[in-house]
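Report on the structure given below.
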Amino acid sequence: MQDIKPYDGKISSILLDHGAITNEALADAEEAARNKGMRLEKYLVEMKLVNARQMTLAVARYLNMPPITLSHFSPDPALLSLLPKDVMSKRLAIPVTQYGKTLTLALGDPFDLMAVDEVSTLTGLEVIPVVAPENEIGDALGKVFAKVSQGLDMEALMREDEGGDVEVVEGEDEELSLDEMLESAVGAPVIRMVNMILVEALRTGASDIHIEPMEKRLRLRYRIDGALVERPGPPKNLQAAVISRIKIMSDLDIAERRVPQDGRFNIKAMGKQVDLRVSILPTSHGEKVVMRILDKASLASGLADLGLDKTSEQAMNYAIHQPHGIILVTGPTGSGKTTTLYAGLRELNSIEKNIVTIEDPVEYQFEIINQNQVREEIGLSFARILRHVLRQDPDIVMVGEIRDAETAEIAVQAALTGHLVLSTMHTNDAASSVSRLLEMGIEAYLLASALIGVVSQRLVRTICPDCATEYYPSPAELESLGVPEEKSLRLHRGQGCSACFDSGYRGRIGIYELLLVDADLRCLLLDQPTNDRLRRHQADRDMASLRSEGLRRVLEGATTLEEVGRAAHVE
Numbered sequence: 056m057q058d059i060k061p062y063d064g065k066i067s068s069i070l071l072d073h074g075a076i077t078n079e080a081l082a083d084a085e086e087a088a089r090n091k092g093m094r095l096e097k098y099l100v101e102m103k104l105v106n107a108r109q110m111t112l113a114v115a116r117y118l119n120m121p122p123i124t125l126s127h128f129s130p131d132p133a134l135l136s137l138l139p140k141d142v143m144s145k146r147l148a149i150p151v152t153q154y155g156k157t158l159t160l161a162l163g164d165p166f167d168l169m170a171v172d173e174v175s176t177l178t179g180l181e182v183i184p185v186v187a188p189e190n191e192i193g194d195a196l197g198k199v200f201a202k203v204s205q206g207l208d209m210e211a212l213m214r215e216d217e218g219g220d221v222e223v224v225e226g227e228d229e230e231l232s233l234d235e236m237l238e239s240a241v242g243a244p245v246i247r248m249v250n251m252i253l254v255e256a257l258r259t260g261a262s263d264i265h266i267e268p269m270e271k272r273l274r275l276r277y278r279i280d281g282a283l284v285e286r287p288g289p290p291k292n293l294q295a296a297v298i299s300r301i302k303i304m305s306d307l308d309i310a311e312r313r314v315p316q317d318g319r320f321n322i323k324a325m326g327k328q329v330d331l332r333v334s335i336l337p338t339s340h341g342e343k344v345v346m347r348i349l350d351k352a353s354l355a356s357g358l359a360d361l362g363l364d365k366t367s368e369q370a371m372n373y374a375i376h377q378p379h380g381i382i383l384v385t386g387p388t389g390s391g392k393t394t395t396l397y398a399g400l401r402e403l404n405s406i407e408k409n410i411v412t413i414e415d416p417v418e419y420q421f422e423i424i425n426q427n428q429v430r431e432e433i434g435l436s437f438a439r440i441l442r443h444v445l446r447q448d449p450d451i452v453m454v455g456e457i458r459d460a461e462t463a464e465i466a467v468q469a470a471l472t473g474h475l476v477l478s479t480m481h482t483n484d485a486a487s488s489v490s491r492l493l494e495m496g497i498e499a500y501l502l503a504s505a506l507i508g509v510v511s512q513r514l515v516r517t518i519c520p521d522c523a524t525e526y527y528p529s530p531a532e533l534e535s536l537g538v539p540e541e542k543s544l545r546l547h548r549g550q551g552c553s554a555c556f557d558s559g560y561r562g563r564i565g566i567y568e569l570l571l572v573d574a575d576l577r578c579l580l581l582d583q584p585t586n587d588r589l590r591r592h593q594a595d596r597d598m599a600s601l602r603s604e605g606l607r608r609v610l611e612g613a614t615t616l617e618e619v620g621r622a623a624h625v626e
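Just so you know, we're using our numbering here: the sequence shown kicks off at 56 and counts up by one.
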């Protein structure tokens, strides 16, 4: 590592010198950080005004401390044994190398003056600190803890506290008393076990956690990049204790095991804070738990972060900045429709606008926006709440989903009376959404006046960067998606590795098609066109389709032909 020249100015001066931030943005950030009582460096990174790598380099120069990247770092088990896990987590520190009596220590918070002293005392070694991005330290620690948890026999974990507070009954017909359930749920081994499940989910980027009671075992699965992946689960005899622990965290009734329950809780782990939405459903072998992980940090901050091509992004920007009308986002469950709506709302959100949402359920909380939860059991449907919302002087209304004719009719009337309405529908493509609204009884002339545009989208898995390889596609592969045969064309695919659970994919991106309503399409809508006529109109206007967008991503090397064929199949 090269020597770093000492710098006697401020970190902010270094950032300005490197062009990482402007004077105006820095002045605003300094005031905001003071108001929030936050350190400026932390505020800049959290608000994404400066990226983590730029901040690390600036801090390294300021402290005359070498920087290091850990993006491809694999921890050495021998070095990890030098420090307790809780010390590494608390200090955001991880050992990198040891040479004789000298230990190189990567620090996520180099201003933690006690970290070096504590590690030196614990190891008896001279510590040389280096600076690493906080998120990379968190990822490295996640790998450490995951390896520990993957190699851990959960039965052995329970034997560590044999004779302790956890008492579990064998057999599904036996009932625990309320006191026994409370006692078992707060035992240290059960708490550690549930924490391990949650940390592993965050480390792998899972969107959902499934804990499923089988006849003779308790199955644990994570939904990673849209596919369920099975992992080693807790022992069957701890089923009641694990589920009771999750109920306590979710503020649910642990004594009730006959009816479904819904709750949520918040956790902070691996340097991030996330909400978990919990659903518990009684099954023949016990209660099944599904936890949806809601990480606000993963949300797009605006339309630019969705990955739209330039033309579609400009069209979407035009659409959401219309003063009134309806914008629909369509696609199957799990295709990212809500994420797209939230990206649009974040683009529009300001103190000058009254934005109201109607959701089922409310997944993410936002400042300024007024969010409402549908509660069908007491008569609060989408349609009923929407009627009342329109009396609240809204500028923009987001309706989580148009499910029935009544909601569709009110949404169209709201759009025609000066409101911007954003909503979703479950249809295969943009053209099908128009047909569905006409089938619901919306008059063609009203729809032609109210509709601004329809976005249809899918999520496709991206090729794992750790095992990506090039290959020449066969003529059959190219022909299956309408690609002309080109012998010189080389595509990419993943071979499968431990980082992607041997799937060849890691992460997901969106592909989008946009049907924007222009004067010609308004005239076409008056004739109640078929889906084929609407699709021909899209093609004539060179509007991107799901298939063409998918192929663009394939040629970029982001995904595969097979994945696009799976995700972009439309009738």
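C-beta: ideal position from N, C-alpha, C; glycine also.
Burial state of residue i (16 or more Cβ within 10 Å)
i: Cys522; result: buried
i: Met213; result: In this predicted model, Met213 has a pLDDT of only 43, less than 50, meaning its place in the structure is not dependable enough to derive any value.
i: Gly179; result: exposed
i: His474; result: buried
i: Val314; result: exposed
i: Arg146; result: buried
i: Pro139; result: exposed
i: Arg526; result: A quick correction: the sequence has Tyr, not Arg, at residue 526. The residue in question, Tyr526, is exposed, as its Cβ has fewer than 16 Cβ neighbours within 10 Å.
i: Pro188; result: buried
i: Thr585; result: exposed
i: Ile406; result: exposed
i: Cys578; result: exposed
i: Met169; result: exposed
i: Glu225; result: In this predicted model, Glu225 has a pLDDT of only 38, less than 50, meaning its place in the structure is not dependable enough to derive any value.
i: Ile451; result: buried
i: Asp280; result: buried
Residue span of the beta strand (DSSP E) that contains residue i, given as start and end
i: Glu285; result: Ala282 to Arg286
i: Lys323; result: Gln316 to Ala324
i: Ser390; result: Element bounds for Ser390: n/a, residue is neither H nor E.
i: Tyr526; result: Ala523 to Tyr526
i: Ser334; result: Lys327 to Thr338
i: Ala148; result: Ala148 to Tyr154
i: Asp263; result: Asp263 to Pro268
i: Ala161; result: Thr157 to Leu162
i: Gln369; result: Taken as a continuous stretch (DSSP letters only), Gln369 belongs to no beta strand (DSSP E), being part of the alpha helix (DSSP H) at Lys365 to Ile375.
i: Leu514; result: Leu506 to Ile518
i: Leu544; result: No beta strand (DSSP E) contains Leu544, which DSSP labels as neither H nor E.
Option in the options with minimal Cα separation from residue i
i: Leu162; options: Glu191, Gly605, Ile564 and Ala256; result: Glu191
i: Asp167; options: Val142, Pro584 and Asp597; result: Val142
i: Tyr154; options: Glu181, Thr176, Glu173 and Pro165; result: Glu181
i: Gln316; options: Lys323, Leu477 and Ser299; result: Ser299
i: Pro337; options: Glu311, Lys327 and Gln328; result: Glu311
i: Asp46; options: Lys97, Ile301, Arg621 and Val489; result: In this structure the chain extends from 56 to 626, so residue 46 is not present and cannot be described.
i: Arg393; options: Asn483, Leu354, Val619 and Arg439; result: The question names Arg, yet the displayed sequence has Thr at residue 393. Checking every option, the nearest Cα to that of Thr393 belongs to Leu354.
i: Asp194; options: Asp595, Gln369, Glu255 and Met346; result: Glu255
i: Ala295; options: Met269, Ala282 and Gly318; result: Met269
i: Phe556; options: Glu86, Met102, Asn119 and Arg258; result: Arg258
i: Ala486; options: Leu576, Glu461 and Val609; result: Leu576
i: Gln583; options: Leu502, Ser175, Ala82 and Arg272; result: Leu502
i: Ala470; options: Gln447, Leu506 and Thr159; result: Leu506
i: Arg596; options: Leu160, Ile335 and Asp573; result: Asp573
i: Pro290; options: Ile123, Ile266 and Lys97; result: Ile266
CB of residue i within 7 Å of CB of residue j, strictly
i: Asn409; j: Pro378; result: no
i: Phe320; j: Leu307; result: no
i: Glu534; j: Leu616; result: no
i: Ala599; j: Ser390; result: no
i: Ala499; j: Leu571; result: no
i: Gln428; j: Val417; result: yes
i: Met480; j: Thr385; result: yes
i: Tyr567; j: Leu383; result: no
i: Val454; j: Ile497; result: no
i: Pro150; j: Leu134; result: yes
i: Val100; j: Met110; result: yes
i: Leu477; j: Leu396; result: yes
i: Leu95; j: Ala80; result: no
Opening and closing residue of the alpha helix (DSSP H) in which residue i lies
i: Gln294; result: Gln294 to Met304
i: Leu580; result: Ala574 to Leu580
i: Leu606; result: Leu601 to Leu610
i: Ala594; result: Asn586 to Asp595
i: Gly620; result: Leu616 to Ala622
i: Leu137; result: Careful: Leu137 lies outside any alpha helix (DSSP H) and carries neither H nor E.
field: Completely contained beta strand (DSSP E) runs for the region 422 to 501, where each covers 3 or more residues
entry: 425 to 428, 451 to 454 and 475 to 480
- prompt: Curious, which full-length alpha helix (DSSP H) runs of at least 4 residues does the region 67 to 124 contain?
  reply: 78 to 91, 95 to 101 and 107 to 118
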